[in-house]
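A.B. asks: Each residue of the sequence shown is one higher than the one before, starting from 11 at the first, in the numbering used here.
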Amino acid sequence: MRTERPVRGRGVVVAVGLWAAAIVVIAVTAVLVALHLNEIRVVLSLDLARDEPGATADEVVRAVNIALGVGAVLIGVVVVTAIYGCTRLWQGAGSGRGWLVVAVIAAVAVTVGAAIVIGPSSSAVAEAGLPALFQWPLPAVGSAIGAVATVIAYVSAGR
């Protein structure tokens with residue numbers, strides 16, 4: 011006996027497609043950071059040591075590692091919650107929209123955090139291998155795409 015497939019409206023298809031694009035944009039940025047992680051860590055540590063001359067080397071390294079670790083966790087939250095939310099939405103479950111909201115909030119937090127942490131050192135980070143476009147503008151685009159997709163998911167649910 012066949013199970014019935016949920017009827018998917020255009021809004022669901024568009025929302026899932028846009029979230030897929032947002033995940034790709036954010037994941038590409040994460041991969042570029044991972045590829046140049048050591049260089050970026052050194053640049054951020056040097057800039058922080060210059061800005062905070064009273065800080066010990068351990069404090070500087072710890073602060074940079076915490077900032078990068080929080081960013082990595084938030085990117086993981088974005089990817090996992092967006093994929094789970096899209097899967098639930100695709101299956102016709104209304105709970106998927108709530109997960110997409112969590113993904114948007116985490117994506118915005120990653121974008122703001124990247125702008126705050128990397129912003130003051132942007133030219134040095136670019137020389138370390140992470141182009142300026144990937145420092146925060148592209149994650150901001152990914153966040154905006156995710157936000158639009160989530161709004162579409164909510165609007166299409168009312169129909």
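The beta-carbon is built from N, C-alpha and C at its ideal position, and this holds for glycine as well.
Count the other C-beta atoms from every protein chain shown that fall within 10 angstroms of the C-beta of T66, then say buried if there are 16 or more, exposed otherwise.
C.D. replies: Classification for T66: exposed.
A.B. asks: Taking only the alpha-carbon atoms, compute the straight-line gap between S132 and G108 and give it to the nearest angstrom.
C.D. replies: Going by the C-alpha atoms only, they are around 34 angstroms apart.
A.B. asks: Quick check on the burial criterion: 16 or more other C-beta atoms within 10 angstroms. Buried or exposed for T121?
C.D. replies: It counts as buried.
A.B. asks: Would you list, in sequence order, the uninterrupted beta strand (DSSP E) runs of no fewer than 3 residues that lie entirely inside the stretch 65–104?
C.D. replies: Here no run is fully enclosed.
A.B. asks: Roughly how many whole angstroms lie between the Cα atoms of A59 and D68?
C.D. replies: The straight-line gap from Cα to Cα measures roughly 10 angstroms.
A.B. asks: Is the stretch 49–57 close to the stretch 98–107, with three or more CB pairs under 8 angstroms?
C.D. replies: Flag = no, the stretch 49–57 and the stretch 98–107 do not touch.
A.B. asks: Go ahead and label G156 buried or exposed: buried means 16 or more other beta carbons lie within 10 angstroms of its beta carbon, across all protein chains shown.
C.D. replies: It is buried - the Cβ of G156 has at least 16 other Cβ atoms within 10 Å.
A.B. asks: How far does the alpha helix (DSSP H) with R60 in it reach, from first residue to last?
C.D. replies: Its alpha helix (DSSP H) spans residues 47–61.
A.B. asks: Could you spell out the range, first to last residue, of the alpha helix (DSSP H) harbouring L148?
C.D. replies: 147–167 is the extent of the alpha helix (DSSP H) around L148.
A.B. asks: Could you check if P141 is buried or exposed, using at least 16 other CB atoms within 10 Å of its CB as the buried criterion?
C.D. replies: The residue in question, P141, is exposed, as its Cβ has fewer than 16 Cβ neighbours within 10 Å.
A.B. asks: Give the straight-line distance between the Cα atoms of V165 and G19, rounded to the nearest whole angstrom.
C.D. replies: So the two alpha carbons sit approximately 11 angstroms from each other.
A.B. asks: For L45, decide whether its Cβ has a neighbour in chain D, counting only Cβ atoms nearer than 8 angstroms.
C.D. replies: The question asks about chain D, but that chain is absent: this structure has only one protein chain.
A.B. asks: Using the rule of at least 16 other Cβ atoms within 10 Å of the residue's Cβ for burial, across every protein chain shown, is G95 buried or exposed?
C.D. replies: Buried is the call here.
A.B. asks: Tell me where the alpha helix (DSSP H) around A136 begins and ends.
C.D. replies: Residues 132–137.
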